[in-house]
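Contents: one structure, followed by commentary.
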Amino acid sequence: MKEATRTKPCVLYAVPPREGHMRPALQIAKHLITKGFDVTVLGTQNWKSTIQAAGGHFSPIIGHWGTLDDPDRWPKIAQASDSAARLAASLDGGFVSLLPSGLESVRFALASMRRHQPHCEIVVLSDTCFSGTLGLKLGTDLPEGFDKREEIKTIGVGDVDILVEF
Numbered sequence: 075m076k077e078a079t080r081t082k083p084c085v086l087y088a089v090p091p092r093e094g095h096m097r098p099a100l101q102i103a104k105h106l107i108t109k110g111f112d113v114t115v116l117g118t119q120n121w122k123s124t125i126q127a128a129g130g131h132f133s134p135i136i137g138h139w140g141t142l143d144d145p146d147r148w149p150k151i152a153q154a155s156d157s158a159a160r161l162a163a164s165l166d167g168g169f170v171s172l173l174p175s176g177l178e179s180v181r182f183a184l185a186s187m188r189r190h191q192p193h194c195e196i197v198v199l200s201d202t203c204f205s206g207t208l209g210l211k212l213g214t215d216l217p218e219g220f221d222k223r224e225e226i227k228t229i230g231v232g233d234v235d236i237l238v239e240f
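When the letters of the sequence shown are read in order and numbered with the numbering used here, they come out as residues 75 to 240.
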């Protein structure tokens, strides 16, 4: 669904609320905003003012994703001995366990965006490390305000270093 006066889709940027993910995401969001896109970014309260300063709309990360600001909640990740161990701990203790609250955060943001701009098509930019958008790719029910046949397009964004040992 597109609003008659709006030709560009509204953008939801789903990104882990960590410095190494948020800083590049905010640069991308700011660029999109200068090109006329309406951008909403998921984040913790610590990122709210920064998201708004970049010109974006803030939508709260719900549940476990919101605890990423507290390294004591994630000791295996925070205390990993090297990048390979950190990646393994992140995938094991983070990516999968964070999927439900990530999806809840995405659904909350989508519902809010639809209420504020009911006819705007929504595209989701998803950081490759944000597991909460997997449900969209697998056909999860969309929140209230969406047509049952409506499909949300998702675009994976980000870089994940390749770890190689010789």
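The beta carbon of each residue, even a glycine, is placed where N, CA and C say it ideally should be.
Identify which residue in the options has its Cα closest to the Cα of residue i.
{"i": "His95", "options": "Lys82, Val115, Ser175 and Ile107", "result": "Val115"}
{"i": "Arg92", "options": "Val85, Leu100 and Ser171", "result": "Leu100"}
{"i": "Ile229", "options": "Phe204, Asp215 and Arg223", "result": "Phe204"}
{"i": "Lys150", "options": "Leu165, Ile136 and Asp112", "result": "Leu165"}
{"i": "Glu178", "options": "Ala159, Leu208 and Thr202", "result": "Leu208"}
{"i": "Gly213", "options": "Ser200, Asp201, Lys227 and Thr202", "result": "Lys227"}
{"i": "Pro90", "options": "Asp112, Asp215 and Ser175", "result": "Ser175"}
How is the alpha helix (DSSP H) around residue i delimited, first residue to last?
{"i": "Leu216", "result": "Unbroken run through Leu216: none, as it is neither H nor E."}
Please state whether DSSP places residue i in a helix, a strand or coil.
{"i": "Ile196", "result": "strand"}
{"i": "Ile229", "result": "strand"}
{"i": "Val85", "result": "strand"}
{"i": "Ala103", "result": "helix"}
Taking 7 Å as the cut-off, is the C-beta of residue i nearer than that to any heavy atom in the ligand MN?
{"i": "Pro91", "result": "Because no ligand of any kind appears in the structure shown, any question about the ligand MN cannot be addressed here."}
If we count Cβ pairs, one from each stretch, closer than 8 Å, do we get three or more for the segment 214-233 versus the segment 189-206?
yes
Enumerated in chain order, which unbroken segments of the beta strand (DSSP E) with a length of 3 residues or greater are wholly contained in the segment 107-177?
112-117 and 131-134
Quick check: the segment 129-137 against the segment 151-162, are there 3 or more CB pairs under 8 Å?
no
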